[in-house]
Every structure is written in C-alpha cells, then in structure tokens.
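Count along the sequence shown starting at 1, add 257, and that's the number in the numbering used here.
Ideal Cβ positions, reconstructed from N, Cα and C, are used throughout, including at glycine.
Here the structure is a predicted model, which is why all the values come from computation and not from measurement.
Here is the structure we will look at.
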Amino acid sequence: MAMLETSLDRWALRWALAWVFGWALFCVMTPIEVGFDVLHYHIQDGWSALNGRLERDLAPSGMHSYFNPISHMITQALIETFPAAIVSFLLGALQAAILIPLYLLCRRVLVSVGHENRISALLLALAGFFNYAMLTVTASIRVDHWSAGLFILALLVLVPKDGAPAGWKRAGVAAFLVGLSAGLKLTSVIHVAGIAAAILVAVPGLRGRLQAAAAAGVAGLSGILLTGGWWMWKLWTVIGNPVFPMANGAFRSPFGPLENFRDERTPAQSIWDVLFYPVNAASRPYNEFGTTWMQDLPIAFFYIAILILGWVGYRTYRGNEQGTEVPPRALLTVFAGAFATLTVWFPLFMVGRYAMSVWMVSPLVFAATLLLIWPALREPRRALGWFGGMLAVCVISANVVQLRRVPVPDMWGPYIQVAVPSSVDFQNAEVIFTGPYPSSFLAAYLPESATFMFTQTQGWADGAERVLKQMVRQRIDSSNGPFVAVMVDVGSEEGSDALPVIFSRLRDELGLVADRKACGDFVTSVDNEQAHWIACPLVKAD
C-alpha cells in the first residue's frame, strides 16, 4: 500500500463508497448484456475450464474455445454460486472501483500542473469512466475493463503522490500489473507498449531507466505467467501452441493452418483511418457496435492534447520565449502510456474496448495540457464549467451504442435460465453448435455425458477454424452418434441464418440430415421475439 499511496481523505472516501455501492445497485437493476461474445464463448469457456473439458470437446465455440478462460472461470463460478442480483452487484462493484485509481491519477496529474481542485479531478475521472466501451461491459460478464483498470493502476504507481520521479521498484510494480492484464487477455498486449513508454518517461537518467527496464521485464513476465502461464502450458501440451489460434505459423499446431491468423476486419487500413478516428465511426468498414459517429468523440480530447503538447514542445525547444510552462513528468508519463498504447492498437486491433484505458485518460490529458497554456482555467468556477462540459460530452457520446440486453426474470434466480427440450435426448450425444449465431452457451445446461463440437461459425474466422472443421468431420465420420444440432431459429427461409440453409450445409459439410419436425425448442431467458434456440436430432446421410 505504501507503494500505491492510494489513501483517500474523508471526503473522497465517502463518495468512493457511495459510488461503488450505487453503481453496483444500478447494475443490478439494468438488463444484463447478452451480446454475441457472451453467448458464443464467455459462458462456455468458463464452464468448460471449470469442468476440465478441453481434451473431451472439440472447439464448441470455434477458435474462441482456446482463449485464456481464467476471467470467464471467475464469472461462471459467480453465476453457478449466486443468484443473478448478487452476480450483477459484485461485478458492478468491481467495475465501479476502477474510478478510484482513475480519480487519484487525475488528482496527481492536475496537482502537477498547478490545479489542486479535487472537484475538477472527480469531474475528469467521471468523464473518463463514462465512455461507450465502459458502458458496453456494464451489467455484463465481459471483462475488458479489468485490463483497463490494471493499466490505470499501473500508471498511478508511476506517478508518486509526492511528485518525485519513479524508480525501478515502481517500474517493476507497474509492469507486473500490466503483465497480469496481458496474461489475462492477449489483446492487452497493447498495454505492454504503453507501460514501457510510460516507464521510460517516469524514470529519469540512463542508469535509472536501464534498472527500470530490467525490473519491468522480470516483473512483467511474472505477471503474464501468473494469469496466463497455466493456460499456455495446457494449450502447449494439448494443442501444441501456447497462444492458439494465434501465431500458428511459428508453433505449427496440428489443430490449425500452418500460418499466422489475424482478424483482417478491424485494423486501420490507411493513415486516414487513424487521423480521423474520433469522427469516422460511421464510415469505417468495421465497427463493433454499429455506425454512430458520436461514440469516439472522447478520444478527440486526446488528439487535441497531442497538438497542444506538440506546440508546447516546439516553443520549449525554441527557448521558451513566451514563458510557456514545461509539461511536468506526471503528465508526460500518462501521455506517453496512452500514446504508445494507441500506436500499437491501430495496426493490430482498432476495437475500442481493447483500448478503453486510453478513453479513460483522454479527458485528463486534454485538461492538463489546456491548463498548461491557459493558466486562467485554474480558477475554480471556470474549471468547473469546462470540465463539467467535458463530462456532459462524454456521457452523451457513451450512450449512443445499441446493445442486446434482456431483463433478468427473477433477480434471486439464475443469471440465465434455460429449459432444455424434453423431446430431444442429449445423453451421450455428439452435440454440434451450428449456424452463424452463437449457441455454445447452452453447453453449460446440457448433460455432462454429451460431447460438444461446432460448425458454420462466422466467415471471418475461417482462417483459424479451417482445420478444426476438418477435425469435426473426422470425429463425426468415426462416431455412431447419436447426433444433435443446436442452433438459433430466426424464423427466416432465406439467408445464411435460415434453417433450410443451415440444414443443407449440415448435410453437405458433415453428412448429417435433420428433420425439422423432430426439433425441440429451448426456452431461455435470453430469447426474444426474433430468435430462439432449437435442438434437432441428426442422422447420417445414406
């Protein structure tokens, strides 16, 4: 705790406790998020890992079956242990707690630029918290904000309360926290670049930086191994690739093509995608949550801060002719961490929730740079108006994204309720989750004697799943069944999601025939008027 220096005064402690409790209650009352990823692999991966089914099942969630399940194990354990209200409350409290280190970081950076108003720090922390990516994981079992929170905490470690430069010990602690994040989820590798840049700025002197780099390397690797090492070892021994399905060109696992895979839909395609990112959401080829141009407005604060710091740097280089203040180390540390994170994120992912941490510090970095060039903003009333306006912009832009949410039927009942069709026998069956929409979450509600596989997932994943689909066909050919297909019925007769098309592909690709009249309906708490899940017995084609 001495290293983190996160003590709160009574005023801050009161609002922190009230905030955490209030936000947790808000999550309990909010319909739970049941988007594609939740139903596709978050539940299934957690359930599978808790029950040791990696060797038995064959990719029930396609390539996503092999992602590190530790966070999903935690959320699934909560789902299996507590009623829905408690699950949402606990996860909501953890999400709300991220605001505390963010507030402390805002406080320290603002103090470094001569603005000690704690209300300003709170407004900027709230502005950072209320971004669209954070709201997509509200009342949800998705945990991208865990990685963001660890990065914010790491930056806080590098910005001491007394304003002194950080040393190698702080660099090690910060790198360890980010290592935990990277081990938890591989997409958090972007934060490795961010914390490396932040450490080089936070620690002064060549010798100090060399010591910090050594400490960070050892500590960061330790963090990665702590949260991800056990799963990497399991994948290595079972699959032959510790980061499967990624980097298979190097590891050459027989479970995937002998080439490296990446999702080509998301990375920046040109420099214009990068330069106009804050306002081009509606025109991007891929946008995870629709096409609203407002969702990324908060990142524009960071873009403006880049210009301001560039201008300040130029004037400093020219001899500080007009008396412009030199940016303090605390501000530059946070800026370097966010800038390096974005630099890696654009060519690798460009999926907003992976870089949620940058959205969270953008209002702070902008406000601090503005205070540098406009000292009059330090006047409390003026600061309240400006920072309150920034908060309003962030709150409005955060609420423009459409999500699939459903109310919990019984707060004191299961998080997700499922009634399995009694007309279909799942005992000892080979269950195939099929169709373009997710179904594998239902594995957690089917008999343990069943074995689970997949086919017909989203086309963008074919590069990673091509060999897995061949293995599914081989397993079916060598099995006598019984076989059951589970899929979403959208009530359509045309398109890739129509039952006739799914049935036709089952016959052509797997040699299995379905009889629509023999299918049974699941009844779940995530059904809606447009879609519900069905199970159809299958027989081998003659």
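- For C363, no beta strand (DSSP E) run applies; the uninterrupted alpha helix (DSSP H) run containing it begins and ends at L356 to S369, by DSSP.
- For E687, DSSP records a beta bridge to T708 and F740.
- Residue range I327 to T338 is occupied by the alpha helix (DSSP H) that includes I327.
- Relative to H402, the option among S697, E750 and N388 whose CA is nearest is N388.
- Annotation: G670 to V591 spans about 43 Å, alpha carbon to alpha carbon.
- In this structure, the CA atom of I561 is about 19 Å from the CA atom of V601.
- Exclusion of the five residues before and after M668 leaves V285, P340, A341 and A342 as the residues of its chain whose Cβ lies within less than 8 Å of its Cβ.
- Segment contact: the segment 708 to 725 against the segment 792 to 799, fewer than three CB-CB distances shorter than 8 Å; contact not assigned.
- The Cβ-Cβ distance between W425 and G465 falls below 8 Å.
- Counting of Cβ neighbours within 10 angstroms places E290 among the buried residues, the total reaching 16 or more.
- Taking one beta carbon from each stretch, the segment 355 to 374 and the segment 321 to 330 have fewer than 3 pairs nearer than 8 Å; the two do not touch.
- Nearest to A453 by alpha-carbon distance, out of L437, A597 and S510, is A597.
- Minimum Cα-Cα distance from N537 among the listed residues F518, R522 and A557 corresponds to A557.
- Under DSSP, G777 takes part in a beta bridge, and its partners are A792.
- By the CB criterion at 8 Å, L627 and I565 fall inside the cutoff.
- For V770, the enclosing beta strand (DSSP E) stretches over residues L769 to A771.
- The alpha-carbon of R639 is positioned some 37 Å away from that of A432.
- With contacts defined by Cβ atoms closer than 8 Å, G429 and A396 do not form a contacting pair.
- Judged by DSSP secondary structure, P666 falls outside any alpha helix (DSSP H); it is assigned neither H nor E.
- L660 is a Cβ neighbour of T393, given a cutoff of 8 Å.
- Taking one beta carbon from each stretch, the segment 500 to 517 and the segment 454 to 462 have fewer than 3 pairs nearer than 8 Å; the two do not touch.
- Counting the other CB atoms within 10 Å of its CB gives L767 a total of 16 or more, which places it among the buried residues.
- Less than 8 Å separates the beta-carbon of Q713 from that of R762.
- Three or more beta-carbon pairs separated by less than 8 Å are not found between the segment 407 to 426 and the segment 304 to 312, which leaves the two stretches without contact.
- Take the alpha-carbon of P584 and the one of L699: they are about 54 Å apart.
- About 7 Å separates the CB atoms of V615 and F559; that is less than 8 Å, so the two are in contact.
- Under a 10 Å Cβ-count criterion, N498 is classified as buried, with 16 or more other Cβ atoms of the shown protein chains found around its own Cβ.
- In this structure, the beta-carbon distance from S404 to Q552 does not fall below 8 Å.
- Inter-residue distance for L457 and L335 is about 39 Å (C-alpha atoms, whole angstroms).
- When the alpha-carbon of C363 is set against those of D294, V743 and P620, the nearest one is in P620.
- Taking 8 Å as the cut-off, the Cβ atoms of G594 and L412 count as close.
- By the CB criterion at 8 Å, I481 and G436 fall inside the cutoff.
- Counting C-beta pairs closer than 8 Å gives fewer than three between the segment 721 to 728 and the segment 740 to 747, which falls short of the contact rule.
- Counting along the chain, the unbroken alpha helix (DSSP H) around G567 starts and ends at L554 to Y574.
- Within the same chain, and ignoring the five residues on either side of R635 in sequence, the residues whose Cβ sits closer than 7 Å to its Cβ are G371, H372 and L628.
- Within the same chain, L767 come within 6 Å of I733 by CB-CB distance, once the 5 residues on both sides are set aside.
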